[in-house]
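Have a look at the structure below before the remarks.
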Amino acid sequence: MRTHAQAVVIGGGVIGCSILYHLTKLGWTDVVLLERDELTSGSTWHAAANIHGLHDNNNITRIQNYTMDLYNALEAETGQSCGVFQPGSLYLAQTEAREHQLRLQAAKAKYYGLHFHEVSRDEAERLHPLVDFDGIRCIMFEPSGGNVDPSGVTNAYAAGARQNGAEIIRFCPVTATEQQPDGTWIVRTTKGDIATEWVVNAAGLWGREVAALAGLDLPLQPTEHQYFVTETIAEIAALDRRLPSVADRDGEYYLRQEGKGLLVGAYEKDLRFWAEDGTPQGFGHELFADDLERIEDNMMRAIDRVPAVGEAGIKRVINGPMIWSPDANVLFGPAPELSNYFCCNGIIPGFSQSGGMGLLAADWIVTGETRYDMFAWDMARFGTWADKAFTKARVGDQYANRFKIHFPNEERSAGRPLRRRPVYDMQRERGAVFGLNYGWEHPLYFGYPEGAEDHTEGFTRQDWWHQVGAECRMLRENAGVIDISNFAKYLCKGPGAEGWLNSVFANTMPKAVGRSCLTPLIGKRGGIAGDFTVTRLGEEEFWVIGSGMAERYHQRFFKAVPLPRDTTFESHTDAMCGFNVAGPRSRDMLQRLTNTSLSTENFPFMRSKWIELAGVRVLALRVSFTGDLGWELHCATEDQAQLYEALLVAGKEVGAGPVGSRALMSLRVEKGYGSWGREYSPEYWPQEVGLDRLCKMNKAFLNKAAVAQTLAKTAREHLVVLALDSAETDASNADATGGEPIFKDGQGIGRVTSGAYGYSVGMSLALGFVSGAQPGDVVDVMVLGQPHKARILAEPPFDPKGLRLRA
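The sequence shown stops at residue 830 when you use our numbering, and every number in between is there.
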């Protein structure tokens, strides 16, 4: 056994072997995989191993298709069969919402050059004569869908990795992982120790236990999961071809051919958690007792759709464990609190994603960043607030609603409320409906019965659409109070503060006390890893504001630049709360609460002051994400309720009131403002999003060399504002929400990143990236998967010159 390696992968399931293989493909051949038992032990060996390419997230769609394409190439490369069957997959829509989802996915498939298209009932019956298609509104076909052999795929990755120089050691449990002072690791095993630069936790069912060896607490929870295989079905035995799989997600089951019978699996409402206190060390290839009664309702729906299921006997039942994260996506990436410790845990559709997951993990480890923005997978999306109770509640909801559509803007209530600010009850009493942002409850909109939950159940305009419009109009006509407490807030203080911030951020830090600047944070590949507002509070003190949901994510970047001596950089997100008061009467409203002059002459745009407001000490910044006249007001958390009460009383006198985050989305889209995670991401270059002017190349800063290379290139695409044809959007009762492809003359030219109705400008709007198009061009935006005419605007429709911001 080697005593040193560039990386040690812990876990010999399909994901661990894929990561090992892809590391070798990127040139890291001094790598080792440690498996406590035999390869595929745990949850890999008993997986149904279905493969499909389409996902609601565009980048996950891309990596799933990479995975499907890889399997045949992997067989050719290694000589190891992956047991690939690709007779195709039929996707059925019983409801209007499912039809919208499938049509949108078909539009995305066309944009990305993938194969996924609608078929007639006659064609579907030819493809799968055992299915009763009565009651089906829409049928889509994915020709490359199918399944693979779990052991075959795993062993193919392992064979490829070995061919490239990797070492795989079976029956070798890891007993400790110890980080050294220089950031490297010692991995201790029953067969000896390995010194390594990187530890990769791909331990599957034991991901929690392996993480705990490094002091990490991962939000993971296993459940039982059942599927069964029928005896031989005569109609299948008589066929000279393999039948396509059936994705009847409204029926809450999955179905495909297995041998000469059918395999049927279900995610039942009456689920069973397993190993809540830890996965047993001795567990390997065991299964649980059959309990088909739990999935009887799902089975009956499968029988109604494919009657042959009910006529055949059951050959075998598989009831085995799978391990879930709170949102059913993988916990992926380097642990922000540690050096060179990579997690890849909680994978559910492992055989659809294994190749892409291995590729992106190797990307990140070898080059420092993935080629696609994968924040949807990033383990940093959860913090310590995702405790066991929250994780169990969310996993239960995810399992029981595995095939439920995740609608745009949808908020699920499981495990909540979790983190609450002091004004939570005051907002609730005023009819706030709450969403979840990095564990925090925050108001989406107001005016509903106390305690109401969000019930977003479609791709069309929901019942809150009119209420959000009323909040937008109130702010644009008078003023509004928006809770921005979930923004990430930091204080940098000390003699090295200015120099350190200049070394981290691309823009030059403000020189004068009271001035603010906007600045990008640059990623390893020269893209936009973050956008921040930095305010100079004193000679050696700066206030930094960024995206709240990205606070743990951004830790990786801040740690990359050592802090100077006697200088601190600390999060104040918990200690400080904030409100944005904006609108044409915001000055009049706030002036009633303070003796500090808020006139433009005394308090210009992009300036800040500590002021007293209604007896509360407040850091006031003359800036607003609404694009209107306004101030951000930051106060100590213990003063939040007093400040909020005063703002609402003063607001009532000028026709103002509380405004939620759904309205803020509309207001920023009207102004053409980008948002991190949508318009700003490491995939996009500064010149593509209009932030190149904020990259000051006359100074040193994090990843400057990378951004110098991207800035020297021609932009691949540009961020634009689009106005959709109102007649078409009104007729479909829907607006763009994000992810919709954009076509021009039948060719895909871009995609929507944010969308909303612009209530104060009377337009259905979208922000998106396009190439080969100019302002004034008419394009098609695929709202609900159908073409909607839209015009590319030369400037944002609300206050394009910024006069109200500076009034």
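By construction, the Cβ of each residue, glycine as well, lies at the ideal position given by its N, Cα and C atoms.
Owing to the predicted nature of the structure, the values given are computational and were not obtained by experimental measurement.
Per DSSP, K694 lies in no beta strand (DSSP E) segment; the continuous alpha helix (DSSP H) that holds it begins and ends at S684 to K694.
Within its own chain, the residues whose Cβ lies closer than 6 Å to the Cβ of F648, once the five positions on either side in sequence are excluded, are R691, listed in chain order. Comparing alpha-carbon positions, the option among F108, E122 and V107 lying closest to Y114 turns out to be E122.
A contact is defined here as three or more CB-CB pairs under 8 Å, and the segment 606–620 fails this definition with respect to the segment 778–796. By the Cβ criterion, the segment 37–44 is not in contact with the segment 269–285, since fewer than three pairs of Cβ atoms, one from each stretch, lie closer than 8 Å.
According to the DSSP secondary-structure assignment, N460 is paired through a beta bridge with W463.
Excluding residues up to 5 positions away in sequence, I815 lie with their Cβ nearer than 6 Å to the Cβ of D800 in the same chain.
Looking from the CA of L644, the closest CA among R451, V557, F580 and M449 belongs to V557. The three-state reading of DSSP puts Q710 in helix, counting H, G and I together. Cα atoms of G785 and R295: separation of roughly 50 Å, rounded to the nearest angstrom. Runs of the alpha helix (DSSP H) lying entirely within the segment 149–201 and spanning at least 4 residues, in chain order: 173–186. Ranked by Cα distance from N170, the options F374, L137 and V491 are led by F374. Within the model, the alpha-carbon separation for G549 versus E494 is close to 38 Å. Close CB contacts of E254 within its chain, under the 8 Å cut and outside five residues either way in sequence, are with G284, A335, G336, I337 and K338 (chain order).
Minimum Cα-Cα distance from H741 among the listed residues P709, A729, Q614 and M380 corresponds to P709.
In the structure shown, M629 falls within a coil segment according to DSSP collapsed to helix, strand and coil. Straight-line spacing of the CA atoms in G343 and F251 works out to 11 Å.
In the structure shown, S570 adopts coil according to DSSP, grouped into three states.
The alpha carbon of W221 has as its nearest neighbour, out of D205, G230 and T213, the alpha carbon of D205. Per DSSP, reduced to three states, the secondary structure at Y89 is helical. Following the DSSP letters along the chain, one finds C495 inside the alpha helix (DSSP H) bounded by residues W488 to E500. Shown here for Y180: same chain residues with a beta carbon closer than 6 Å to its own, the five before and five after excluded, namely C40, S41 and Y44 in chain order. K48 sits in a helix when the DSSP states are folded into three classes. Comparing alpha-carbon positions, the option among P245, D651, A99 and E452 lying closest to V418 turns out to be P245. P267 sits close to L150, with the two beta carbons spaced by under 7 Å. Approximately 14 Å separates the beta-carbon atoms of M572 and K512; this is outside 8 Å, ruling out the contact. A straight-line Cα-Cα distance of about 8 Å links M91 and S167.
Residues K283 of the same chain have their beta carbon placed closer than 6 Å to that of I259, with the five preceding and five following residues left out of the count. Exclusion of the five residues before and after F482 leaves A120, H123, Q124, L127, F430, P431, A757, T760 and L807 as the residues of its chain whose Cβ lies within less than 8 Å of its Cβ. When the alpha-carbon of A261 is set against those of T623, P152, I191 and Q797, the nearest one is in P152. Annotation for S755: the continuous alpha helix (DSSP H) segment containing it runs S749 to S755.
Between the alpha carbons of D822 and I162 lies a distance of about 45 Å. Between T660 and L636, the gap from beta carbon to beta carbon reaches 7 Å or more.
With 16 or more neighbouring CB atoms inside 10 Å of its own CB, D396 falls in the buried class.
Counting C-beta atoms within 10 angstroms of its own C-beta, L826 has fewer than 16 neighbours from the protein chains shown and is therefore classed as exposed. Annotated as proximal: L62 and T177, with beta-carbon spacing under 7 Å.
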